[in-house]
Structure formats: structure tokens, C-alpha cells
Amino acid sequence: MTTIHLKAAMPALPPTPPPIFNMPTPTASESAILRLAARLGLNTRQGGGRVAHDDKTFSYSHGPIDLTLHRASGAFRFANRNTWQVDHRSNVELSDEEAVRIARTHLESLDLLPRESKVQRVSRLHVAAAGPERVMLDHRVIDVAVHLQPVVRGLPVDGPGGTVTVYLDHEKSVTCVDYRSRRVGAIHRQTTRLLTPEHALDSARRSWEARGIAEVEVNEVRLCYYEMGSEDRQRYLQPAYLVLATLIGADRRIRTGDIYVSPAAANAVGRIVTPPPRPSAQTRRAA
Amino acid sequence: MTTVSVGVEWINDFHGDACSQNQLVSMNTHAEGFQNAMVSHGHTKVFDWGDDNAWETDFRNPAFGSGGDALNWSDNVNFCYFADHGGNWSNIMHIAFSKAHNQCLASSDTWKLGVKNLKWLALDVCDGTLDTTAAAVVDVWGGPMQGLHMVLTFVNTTSPWSASEGTNFGNAAGAGQPLSNAWLDAYYSSSISNSPIAISAGATQQEAINRRENETVGWRDAAVTSTSWLAWKWRY
Chain A
30 MTTIHLKAAM
40 PALPPTPPPI
50 FNMPTPTASE
60 SAILRLAARL
70 GLNTRQGGGR
80 VAHDDKTFSY
90 SHGPIDLTLH
100 RASGAFRFAN
110 RNTWQVDHRS
120 NVELSDEEAV
130 RIARTHLESL
140 DLLPRESKVQ
150 RVSRLHVAAA
160 GPERVMLDHR
170 VIDVAVHLQP
180 VVRGLPVDGP
190 GGTVTVYLDH
200 EKSVTCVDYR
210 SRRVGAIHRQ
220 TTRLLTPEHA
230 LDSARRSWEA
240 RGIAEVEVNE
250 VRLCYYEMGS
260 EDRQRYLQPA
270 YLVLATLIGA
280 DRRIRTGDIY
290 VSPAAANAVG
300 RIVTPPPRPS
310 AQTRRAA
Chain B
3 MTTVSVGVEW
13 INDFHGDACS
23 QNQLVSMNTH
33 AEGFQNAMVS
43 HGHTKVFDWG
53 DDNAWETDFR
63 NPAFGSGGDA
73 LNWSDNVNFC
83 YFADHGGNWS
93 NIMHIAFSKA
103 HNQCLASSDT
113 WKLGVKNLKW
123 LALDVCDGTL
133 DTTAAAVVDV
143 WGGPMQGLHM
153 VLTFVNTTSP
163 WSASEGTNFG
173 NAAGAGQPLS
183 NAWLDAYYSS
193 SISNSPIAIS
203 AGATQQEAIN
213 RRENETVGWR
223 DAAVTSTSWL
233 AWKWRY
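Heads up: the protein sequence lines correspond to chains A and B, in order.
Residue numbers for the first sequence follow our numbering, beginning at 30 and rising by one.
Residue numbers for the second sequence follow our numbering, beginning at 3 and rising by one.
Right, dumping it as C-alpha cells:
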């Protein structure tokens with residue numbers, strides 16, 4: 030029996046159940062990445078650029094710019110390797126508000142701003158050092174990242190995918206755009222009824238019991254559209270509950286985070302998350 | 003190209019015995035995904051121990067007795083990736099094992115990381131540091147890092163979010179990208195509160211910072227002569 034400490038309020042349900050959408054198969058090819066590069070302002074006809082591919086991605090490099098396009102999802106990253114996450118001994122002093130304004134303006138100029146979005150988070154890349162005196166020295170922020178979350182029919186898109194991130198350096202210049210947001214197609218089917226958050230919590234409880242988890246703190250329950258990571262193929266965008274929890278170990282000193290994803294539509298299509306691959310076979314190790 | 007040797011350990015399944023911990027789900031995909039990606043870039047697989055085959059003695063230095071065998075395992079490879087439960091108390095890092103060989107918990111006060119071959123340790127566990135203050139980082143890692151170039155871990159608890167995280171990190175690291183950025187990029191998530199951190203060592207402040215910013219697997223033979231300084235980088 031799993032003991033659950035509920036520390037979260039249940040999310041409010043929308044007045045109308047959000048529908049299930051198709052997600053079109055992304056176009057990922059050499060010509061697609063060249064078109065994308067041109068759209069992002071790279072002069073692909075001038076020469077000097079190089080296209081490469083492997084089983085998961087296409088990439089285009091031109092000078093310090095790396096553009097990567099994922100076959101499975103159409104997600105892409107446009108990064109300047111000379112500036113993205115690089116410490117130029119500076120300190121970024123952008124406020125959240127200014128960073129969000131710059132990020133939105135930049136995406137808008139490239140026609141990449143989601144039709145509707147909300148700020149999921151503004152994160153900062155910190156650096157620090159310490160010597161024998163154990164005093165923190167040289168603590169600085171070397172970039173600010175604005176993470177936008179597309180909103181579809183009033184519901185935020187969440188998951189390992191479903192974000193558009195713009196990274197800014199100390200000169201307020203964009204160092205990287207990480208676009209992990211799939212194209213949403215037509216409605217696949219209407220949702221007949223939304224399951225309740227309590228249903229998701231019950232489902233999570235059963236999953237934890239099956240794993241023999243004795244004690245859990247539930248920190249947050251979210252209602253969202255669930256989007257998988259860049260390497261996964263996804264055919265449908267479906268409403269889901271995310272249950273964010275902390276699993277508490279028997280001696281209470283070892284705790285770990287856990288995320289349970291549960292379909293929110295009573296008539297959900299297929300699996301909402303891909304089951305993890307099985308571990309490689311292990312033969313008993315000789316002492 | 004500099005090739006590096008890679009060993010991984012991971013635990014999903016614990017038992018209802020003295021070593022009992024909560025079951026985990028994606029630790030194999032993280033560790034083996036990392037190793038497979040490294041191998042795909044020409045690096046060398048040395049060991050892959052999962053569940054009851056992962057042992058505490060693989061991390062214990064023989065100077066601390068009790069069958070310490072780190073010099074034949076974790077410290078006999080250049081890059082060791084460990085995915086499992088972790089806990090941090092009394093300024094000592096602990097990692098959990100499903101079988102007591104010879105202990106259920108490995109403690110960082112029995113580690114001498116890097117005295118032989120180990121250059122980089124990825125600890126894909128909770129509580130690699132409890133916060134990002136000098137005390138939290140230096141008091142836990144200053145002692146165990148004895149030649150280790152870098153430890154890559156998490157601040158506070160972490161949640162496995164995507165099966166491809168280990169693969170993504172292995173691809174970036176194996177291809178020669180700076181390790182700190184590869185780690186932060188693969189494991190940061192804006193949706194949940196994962197906060198990855200990279201901690202590098204050096205005899206001087208300049209060396210520690212240079213490693214933090216620029217070190218790749220190509221720096222395998224650029225030895226850390228002393229861990230007088232630590233430099234760290236984290237996204238929050």
C-alpha cells in the first residue's frame with residue numbers, strides 16, 4: 030500500500046474537453062534543412078556550408094552556426110557554437126521581463142513564435158569557483174534562457190517536448206533557438222469526456238504500488254497536452270495529466286523525483302508515453 | 003582522435019531486503035544509452051553492470067578495505083556513468099545498491115576517484131550536491147576527486163524525464179563537445195525542476211575554469227595534478 034502525501038491542488042478542468050489532434054509526419058530531408066537554414070537567415074547558396082545526416086538527424090553547419098533537424102519530430106536547434114553556453118567572462122544582467130520581450134521579438138521576426146504561448150520558465154546558466162578557502166568566487170550568470178510553452182485550445186503543451194527556448198548572452202544577442210514543438214494538425218477526434226485529476230492520481234497510485242513504492246509526496250498535478258521528446262515519433266497530441274512526485278526511501282534519506290503521465294481523455298488514442306526499452310540481458314556476475 | 007574507455011552501472015530493481023530502495027524505471031536506458039552512443043563515436047565499452055551486478059566495491063578504493071575494488075572497475079575506465087538512487091548527508095555522497103557486495107550504500111568517503119584511470123564520473127542520481135554554495139560543492143567533492151577531472155551530477159532531486167537523455171549526452175560527449183555543456187544541455191528541463199551541475203577540478207582557479215568551460219574527451223591525458231580548486235556550472 031502506497032502512502033500518498035498530497036501537497037498539490039488539483040487542476041481546474043476547462044469548460045469544454047480539449048480535442049485530440051493529429052500530428053503530421055514532419056518533413057526532414059536535406060532540402061528541408063536547407064530551406065530552414067535559409068529561413069533562419071543563412072545564405073545557403075553562397076557555399077561554405079555543409080550538410081550531414083545520421084539515422085536521427087540532419088545537420089547544416091556554416092561557420093560557427095550549427096543547425097540540427099530531428100527526423101522523428103521536426104524539432105530543430107539553431108546555435109552559434111562560439112557563443113552558446115560559452116563563458117566570455119561577462120555577467121548577464123537581463124531581467125526576466127526584458128529577456129522574454131527580446132525572445133518573443135526574435136521569434137516573431139523569424140515567424141517562429143507560437144500562435145499562443147506562455148512563459149514556462151526563465152532559467153540562467155551560472156558559473157562559480159572556489160579554492161582552498163572554500164569561498165565562492167567569480168559567481169556570474171553567462172546566459173539567460175526563455176522557455177516558452179505553446180498553448181493549444183487554452184491548454185499548455187508540456188512534456189520532454191513542447192517548448193521553444195531562446196538563449197541570450199550578455200550582449201542581449203541570441204545564441205541559440207531550440208525549437209522542440211511539433212506542428213499540430215487537424216482534430217483527430219473530439220474528446221468525449223475528460224477524466225478527473227483524481228482518476229490520474231489513482232492510476233499513479235496503482236503504478237507506484239505495482240513498483241512497491243511505500244511513500245510518495247505528490248507535489249503537483251498538471252493538465253496539459255503531452256508532447257514527447259525530439260527523438261520520438263508522435264502521431265497524436267492528446268490531453269494528459271502529469272503527476273510530479275517525490276518517492277521517499279525506506280530510511281527517508283534517499284528521495285527521488287518521479288513523473289507519472291496519464292491520459293486525460295476518456296477516449297484517448299493508444300499509449301501516451303513510449304515504454305522504456307528493456308534492459309540488456311545481464312548474466313550473473315561472478316564474485 | 004582520442005578514444006576513451008567507458009564503464010556503466012545502473013539499477014532499476016531493488017528487493018525487499020536490507021538494501022531495499024524504491025524501484026526505478028529508466029536507469030538502464032540512461033546508462034546504456036550513454037555507453038552505446040559513446041561506442042558509436044569510436045570509444046570503447048569495458049563494462050555494463052546492471053541491478054544486482056552493480057556493486058559497491060566497484061567504487062570503494064582498496065585503501066578503505068572491505069574488498070574495495072575500484073582500481074579494477076570504476077577507476078579502471080576513463081569515463082564511468084552511474085544511474086541509480088543517490089543521497090547526500092553529513093557532506094558525504096551515497097549511492098545505493100540492490101545487493102550488499104559488500105555494502106548496500108557506497109559512501110564517497112571511501113572513494114579516491116581518479117587515482118588510476120578515471121577522468122570523468124557521471125552520477126545520474128539525486129543529491130549530487132544539496133545546493134550550489136562553495137560549502138555544498140567543495141566539502142562533498144574536494145576530497146573524493148583525486149585526479150578526476152570532472153563530476154557531472156544534479157543539484158537536489160532529479161526525475162528521469164526522457165529515455166533518450168543518456169543517448170543525447172553520449173552523442174554530444176562522444177563527438178567531442180565540451181562535457182559540461184553537453185551534460186547541462188542533455189539533462190536540463192524547463193518543465194520540471196531537474197538542475198544538472200558540472201564540477202571540474204584543477205591545481206589553480208584558471209585550470210579548473212578552463213576545464214569547466216572547454217574540456218572534452220580529447221583532454222583524457224591532461225592530468226589534474228591536484229584538486230586545490232573546483233569550478234562549477236549549473237542551470238537553474
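Cβ atoms here follow ideal geometry from the backbone N, Cα and C, with glycine treated the same way.
- If the five residues before and after B:GLU11 are omitted, its C-beta is found closer than 6 Å to the C-beta atoms of TRP51, ALA56, PHE84, all from its own chain and listed in chain order.
- Taking C-beta atoms as the reference points, A:ILE301 and A:PRO308 fail to come closer than 7 Å.
- Counting only Cβ-Cβ distances below 7 Å, B:VAL27 has contacts in chain A at PRO305, in chain order.
- In the structure shown, A:ILE62 adopts helical secondary structure according to DSSP, grouped into three states.
- B:TRP163 has a beta carbon lying within less than 7 Å of a beta carbon in chain A.
- One alpha carbon belongs to A:LEU252, the other to B:VAL6, and they sit about 44 Å apart.
- At a cut-off of 7 Å between beta-carbon atoms, A:MET165 makes contact with chain B.
- Under the rule that a run must span 3 or more residues, the beta strand (DSSP E) segments found entirely inside the segment 102 to 137 of chain B read 107 to 109, 122 to 126.
- The criterion of a C-beta distance shorter than 7 Å is not satisfied by A:ARG211 and A:SER119.
- DSSP places B:GLY172 within a helical segment (H, G or I) once states are collapsed to three.
- Neighbours of A:ILE288 across chain B, judged by C-beta separation under 7 Å: SER161, TRP163, ILE194.
- For the pair of segments examined, the segment 211 to 219 of chain B was found not to touch the segment 136 to 146 of chain A: the number of CB pairs separated by less than 8 Å stays below three.
- B:ALA175 and A:THR225 have their C-alpha atoms some 43 Å from each other.
- Listed as beta-bridge partners of A:ARG79 by DSSP are A:SER90.
- For the 7 Å CB-CB criterion, A:GLU249 and A:ALA104 do not form a contact.
- For B:TRP185, the three-state secondary structure derived from DSSP is helix.
- Distance from the CA of A:HIS82 to the CA of A:GLU122, rounded to the nearest whole angstrom, comes to 38 Å.
- For B:HIS32, not one C-beta of chain A is nearer than 7 Å to its own C-beta.
- Secondary structure of B:GLY35 (DSSP, three-state): helix.
- In the three-state DSSP reduction, A:ARG313 falls in the coil class, being neither helix nor strand.
- Using a CB distance cut-off of 7 Å, A:ASP198 does not count as an interface residue toward chain B.
- When CB distances to chain B are screened at a threshold of 9 Å, the residues of the segment 259 to 275 of chain A falling below it are SER259, GLU260, ASP261, LEU271, LEU273, ALA274, THR275, in chain order.
- A:SER60 sits exposed, since fewer than 16 C-beta atoms from the chains shown fall within 10 Å of its C-beta.
- When B:SER42, B:MET147, B:LEU115, B:VAL226 are compared, the shortest CA-CA separation from B:ALA72 is found for B:LEU115.
- Counted as a single uninterrupted DSSP element, the beta strand (DSSP E) harbouring A:SER146 occupies residues 146 to 159.
- Counting only the Cα atoms, A:ASN296 lies some 45 Å from A:HIS155.
- At least one C-beta of chain A is nearer than 7 Å to the C-beta of B:LYS235.
- By the rule that beta-carbons nearer than 7 Å mark a contact, B:HIS87 touches chain A.
- Residue environment analysis places A:PRO306 among the exposed positions, since fewer than 16 neighbouring C-beta atoms fall within 10 angstroms of its C-beta.
- A:VAL156 belongs to the set of residues whose beta carbon lies under 7 Å from a beta carbon in chain B.
- Residues of the segment 191 to 217 of chain B with a C-beta atom less than 8 Å from some C-beta of chain A are SER191, SER192, SER193, ILE194, SER195, ASN196, GLN207, ALA210, ILE211, ARG214, GLU215, listed in chain order.
- Residue range 244 to 255 is occupied by the beta strand (DSSP E) that includes A:GLU244.
- At least one C-beta of chain B is nearer than 7 Å to the C-beta of A:THR285.
- Per DSSP, the unbroken beta strand (DSSP E) holding B:GLU11 starts and ends at 7 to 12.
- In this chain, the beta strand (DSSP E) harbouring A:THR192 covers 192 to 197.
- Excluding the 5 residues flanking it on each side, A:GLY286 has same chain C-beta neighbours closer than 7 Å at THR275, in chain order.
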